[in-house]
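Engineer: Residue numbers (the working numbering): 6 to 75.
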């Protein structure tokens, strides 16, 4: 994996770094979602929701949100 420093924060407690990982692990999944021509994705994970939307530009919902559509 290729790790990169994204941000550096300084405060009274010291210095904190944010490290990002650009590995491309999700690319095959993103491609499959795009090829499937679906309208939405459902996941209960907020982290997955962000990554899926950023990787596919497809609307992502929490499963409980889908109950509101019925």
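Ideal placement from N, C-alpha and C gives every residue a C-beta, glycine not left out.
Can you grab the Cα-Cα spacing for the pair residue 57 / residue 65, in whole Å?
Structural biologist: 7 Å
Engineer: Do residue 38 and residue 55 come within 8 Å of each other at the CB atom, strictly closer than that value?
Structural biologist: no
Engineer: Taking C-alpha atoms, which residue in 69, 73 and 61 lies nearest to residue 44?
Structural biologist: Of the listed residues, the one whose Cα sits closest to residue 44 is 61.
Engineer: Excluding the 5 residues preceding and the 5 following residue 32 in the sequence, name in chain order all residues of the same chain whose CB lies nearer than 8 Å to its CB.
Structural biologist: 60
Engineer: Taking C-alpha atoms, which residue in 74, 70, 34 and 29 lies nearest to residue 87?
Structural biologist: Since the first and last residues shown for the chain are 6 and 75, residue 87 lies out of range.
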